[in-house]
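Here the structure comes first, spelled out in structure tokens, and everything after it is commentary.
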Amino acid sequence: MVTTADYESPLGRMLLAAEAGELTGVWFTGQQRFGAGLPEAVLDSVESGGSGSNDNGSRSKDGDAENSAVLERASRWLDIYFSGQQPDFIPPLRLRGTEFQNRVWQILREIPWGQTMTYGEIAALLEKRAEGSRVAAQAVGGAVGRNAFTLMIPCHRVLGAGDKITGYAGGVDKKLALLQLEGINL
282 MVTTADYESP
292 LGRMLLAAEA
302 GELTGVWFTG
312 QQRFGAGLPE
322 AVLDSVESGG
332 SGSNDNGSRS
342 KDGDAENSAV
352 LERASRWLDI
362 YFSGQQPDFI
372 PPLRLRGTEF
382 QNRVWQILRE
392 IPWGQTMTYG
402 EIAALLEKRA
412 EGSRVAAQAV
422 GGAVGRNAFT
432 LMIPCHRVLG
442 AGDKITGYAG
452 GVDKKLALLQ
462 LEGINL
């Protein structure tokens with residue numbers, strides 16, 4: 282069963298989802314691909330204001346303790362992040378992607394706080410790790426855009442060629458604010 286919770290961030294409301302004791306997504310409300318992978322009934326509940334919500338924002342009537350614990354941990358992670366510090370833990374994530382997407386997301390997780398990489402740099406790193414297999418920056422962009430874990434898999438740290446600010450599922454304004462929070466001024 283999927284359990285969801287709302288999180289009020291300085292940049293707007295976020296939705297957190299968990300299933301079987303793992304986080305399945307973290308999205309800014311209204312972002313591109315919002316709620317991707319969630320059952321339709323859960324999305325309907327979210328869009329209708331969360332009927333059946335309990336005190337912690339859960340939208341399942343039979344709250345699952347395992348899911349509640351991971352949602353609490355994710356909320357603590359976000360609290361630390363938005364206080365301007367890099368969290369030293371990450372909740373368990375259930376990644377749902379292709380092998381290529383998972384390789385891209387792993388590299389995103391390796392980008393340190395306060396640093397950035399370009400799509401091209403990620404493609405070159407993938408090529409190096411795959412012993413010469415060609416990877417296009419556009420393919421990297423496609424995988425980055427399907428990341429369901431805003432902030433925890435830090436796709437906001439990825440820039441276009443020449444360190445240009447490019448699209449972000451939550452909006453370019455949020456991307457800039459997140460980079461500034463990490464001490465990056467472009």
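Throughout the sequence shown, residue numbering follows my numbering, covering 282 to 467 in sequence. We put the beta carbon where it would ideally sit given N, CA and C, even for glycine.
In the displayed model, Gly401 falls within a helix according to three-state DSSP.
With fewer than 16 other CB atoms across the displayed protein chains lying within 10 angstroms of its CB, Leu467 is exposed.
For Leu440 and Gly451, the gap between their C-alpha atoms comes out near 15 Å.
Residue environment analysis places Val453 among the exposed positions, since fewer than 16 neighbouring C-beta atoms fall within 10 angstroms of its C-beta. Here DSSP, grouped into helix, strand and coil, assigns Phe363 to helix. Remark: C-beta atoms of Tyr288 and Met282 do not approach each other more closely than 9 Å. Within the stretch 388-455, the alpha helix (DSSP H) runs of at least 4 residues that lie entirely inside it are, in chain order, 400-410, 418-426. A Cβ-Cβ separation of about 11 Å leaves Pro373 out of contact with Trp358 under the 8 Å criterion. Non-local C-beta neighbours of Gly365 in its own chain, meaning closer than 7 Å and more than five positions away in sequence, comprise Leu462, ordered along the chain.
In the DSSP assignment, Val385 forms no beta bridge with any residue. Of the other Cβ atoms in all chains shown, fewer than 16 fall within 10 Å of the Cβ of Gln419; this residue is therefore exposed. Each residue's CA atom was taken as its position, placing Glu300 and Thr284 some 6 Å apart. Within its own chain, the residues whose Cβ lies closer than 6 Å to the Cβ of Leu352, once the five positions on either side in sequence are excluded, are Ala286, Leu297, Ala299, listed in chain order. C-alpha of Leu389 to C-alpha of Ile434: approximately 6 Å in a straight line.
When the five nearest sequence neighbours on each side are left out, the beta carbons in the same chain lying within less than 6 Å of the beta carbon of Lys455 are those of Leu292, in order along the chain. A distance below 8 Å between beta-carbons, with the five flanking residues on each side excluded, links Glu380 to no residue of its chain. Taking each of Ala405, Ser290, Pro393, Tyr400 in turn and checking the Cα distance to Thr447, the smallest one comes out for Tyr400. Between Gln396 and Arg438 the beta-carbon gap is near 7 Å, inside 8 Å, which marks them as a contact. If you draw a straight line from the Cα of Val425 to the Cα of Tyr449, it comes to about 9 Å.
Ranked by how close their Cα comes to the Cα of Val416, the residues Ala404, Leu376, Arg427, Ile371 have Ala404 in first place.
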